[in-house]
Each structure stands twice: as C-alpha cells, then as structure tokens.
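A short worksheet on the structure shown next.
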C-alpha cells in the first residue's frame, strides 16, 4: 500500500517473536523482533486474516411499497485481487430481507448469485470469481488451469477496489430487517460435490440493518 507502506509480508509473514535470523550459537546476531518476518505463510485458513480483507457496507431505505438495499463491498486489506491463487476460490455476497414475523421478502429487482453458487444460487446477491472455461469441452467453471482454458469472466475485486449493488424487495408496512454476508469458498460447490472435495466455507463479513415501519395515514371522521 503506497499510502501506508504496508507490505505483502506484513499480512502473510508477520513477526512471531524471533530475534535472530540464524541460531546464536551459529553466529546469529540479535535484531528487533518486529524486523524479522516469520515463515508462517498465513492464508485462507486464517480466519483473522480473512475477516480483515474486505469491508461490507449495507444501507437500506423505504421507497413506496419496497425496501431498497445498497451494498458496497471493498477490498480494503489485500494488495492483490480477492480472491486470488487457485481458480476455484470465490466470494458470494448474500442479501436477504425479512418482515417482522421473519418471513423472507421477495426480490423485485437486483442481481442474484450465479449458478455456480451451488446451494445459494438464485438468491439475492452476487458472485466474485475468475471463471475458467475448458477450451476442449466448453465446460465452465473448471479449475484445471493446467489445461487450455479461457477466462470466461473475472469479477474479482482488485486491490482497494469497491463494488456496489442495489436490491429492491417488496415490503409490507411493518419493520424490515436486512442481513448481508460475504461467504468465501475454496471451490465451486458443484465441483466439490462431484469429486467429494472439501468446500472450505467461511464468513468474511456480515452486516444487519433495520428499516422502520411505514407510517400509516389515519382518516378521522368529523
């Protein structure tokens, strides 16, 4: 990060208290522990790291007989695209609105999770991934990057980039609760189920906001 001077090593190789590069009995000299990166190679298995990678902002307002939800997902903590590395990795933004009784409100307008989102496909939300298509078979998404493949789409978040989405839900006059979360998966669910591989799911961010009920006009008989 040119603004803060934060490096790749600060996230993936944080100091672990070592004060020497080499063993003292082998001539290693003492250094400030904060100046010695570790070799922990922290990555997607570290929940703290993952939850400090993206920021999720959620705003909701009434608009007539609907509730309009605006989400902004920002890659605030990584100096690279999110997600990165293995092409099976992806993020799913999932948004839902419920009435005062807990019933799910219908989406009137807005994006939905792509088909490769597995159990979440078709629900209000978005997908962020680098989707590969096998050149020989035409299958997508695939993770066999060692074979000839085309990049069908790339919706990942670049470093410090943001993506904003708007959802419109049909809403009653009572109070509405909006919940949004960002799910990270190591592999596309259809592929994981086909081969019996681990899905590796974790929640990177979640937000919940309330929308007050709409005032109802009362006509008084004179």
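In the working numbering, the protein residues as written are 2 to 223. Quick reminder that beta carbons are idealized off the backbone N, C-alpha and C, glycines included. Treat the numbers as computed from the prediction; the structure is a model and nothing was measured.
| query | result |
| --- | --- |
| Can you look up residue 110 in the DSSP assignment and give me helix, strand or coil? | strand |
| Would you kindly work out how many angstroms separate the C-alpha atoms of residue 189 and residue 54, rounded to a whole number? | 20 Å |
| For the segment 147–161 against the segment 203–211, do three or more pairs of beta-carbon atoms, one drawn from each stretch, fall closer than 8 Å, so that the two count as touching? | no |
| With H, G and I counted as helix, E and B as strand and the rest as coil, what does DSSP make of residue 249? | What is shown of the chain runs 2 to 223, which leaves residue 249 out entirely. |
| Residues in its own chain within less than 7 Å of residue 101 by CB, not counting five upstream and five downstream? | 175 and 176 |
| Are the segment 109–116 and the segment 127–134 touching, with three or more C-beta to C-beta distances below 8 Å? | yes |
| Please classify residue 17: is it buried, with 16 or more other beta-carbons within 10 angstroms of its beta-carbon, or exposed? | exposed |
| Per DSSP, what are the beta-bridge partners of residue 167 in this structure? | 71 |
| Please state whether the Cβ-Cβ distance between residue 181 and residue 106 is less than 8 Å. | no |
| Look at the alpha carbon of residue 230 and the alpha carbon of residue 45, and state the distance between them as a whole number of angstroms. | The structure shown does not extend to residue 230, since the chain is modelled only from 2 to 223, so the question has no answer here. |
| Here's a check: name, in chain order, each residue in its chain whose Cβ is nearer than 8 Å to the Cβ of residue 37, leaving out the five neighbours to either side. | 16, 19, 20, 21 and 22 |
| Distance check for residue 160 and residue 78, CA to CA, integer angstroms please. | 8 Å |
| Can you say whether residue 152 is buried or exposed, counting buried as having 16 or more other CB atoms within 10 angstroms of its CB? | exposed |
| Kindly identify the DSSP beta-bridge partner or partners of residue 207. | 182 |
| Less than 8 Å between the C-beta atoms of residue 96 and residue 72, yes or no? | yes |
| So which of 56, 63, 191 and 59 has the shortest CA-CA distance to residue 121? | 191 |
| Going by beta-carbon coordinates alone, are residue 206 and residue 183 separated by less than 8 Å? | yes |
| Going along the chain, which residues of its own chain have a beta-carbon closer than 8 Å to the beta-carbon of residue 217, five neighbours each way excluded? | Unreliable placement is indicated for residue 217, whose pLDDT of 48 sits below 50; no coordinate value is reported for it. |
| What does residue 154 pair with, by DSSP beta-bridge criteria? | 132 |
| Report buried or exposed for residue 224, applying the criterion of at least 16 other Cβ atoms within 10 angstroms of its Cβ. | Past the edges of the chain, shown from 2 to 223, lies residue 224, and the structure says nothing about it. |
| The beta strand (DSSP E) spanning residue 92 covers which residue range? | 91–99 |
| How about residue 61 and residue 179: do their beta carbons lie closer than 8 Å? | yes |
| Please report the straight-line C-alpha distance between residue 32 and residue 24, rounded to a whole angstrom. | 12 Å |
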